[in-house]
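Here the structure comes first, spelled out in structure tokens, and everything after it is commentary.
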Amino acid sequence: MASMNSIEPENTEEHVAEGGNIKLTCKYEGAIYNIQWYRQYQTSRPEFLLFITEDGSIHPSDSDFSAHINKTEKRVDLQISSAAVSDSAVYYCALQPTVTGNTKTLYKNLWSKDNRILHNIH
């Protein structure tokens, strides 16, 4: 039986004063290849921000955002420094599981209802 892969936000809403720093956190289960972060403004489609691999490599490396992965606690953080009103959006974390036999569920696992994370930045 294949292990289940899942990801969910630690909190569903976060607030920070303009100019402050904020950390958005998702917890995951199962074996992963990478975790991606997306941002979606109210009238737009999701925008890719970055992905982080299990060994901590961030792509693209010149992203305006930073990320950290803790394999022991199975959590990944997206750090927004000097938050601006323009950072107010819905943020999504999504995982790409390692393929260990059942590839039919690979893309289903990339986006599930539990991947939605809302972070309002004021």
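Following numbering that gives the first Met the number 0, the numbering of the sequence shown begins with 0 at its first residue and continues without gaps. We put the beta carbon where it would ideally sit given N, CA and C, even for glycine. Predicted model only: the values in this text are computed from it and were never measured.
- When beta bridges are read from the DSSP output, ALA66 appears opposite LEU77.
- With fewer than 16 neighbouring CB atoms inside 10 Å of its own CB, GLN78 falls in the exposed class.
- Between the stretch 63 to 83 and the stretch 30 to 50 there are three or more inter-stretch CB-CB distances shorter than 8 Å, so the stretches are counted as touching.
- In the DSSP assignment, HIS58 forms a beta bridge with PHE50.
- ALA83 is positioned such that its CB atom lies no closer than 9 Å to that of GLN39.
- Secondary-structure assignment with DSSP links PRO8 through a beta bridge to CYS25.
- In terms of Cα proximity to VAL15, the closest of SER85, ALA93 and GLN95 is SER85.
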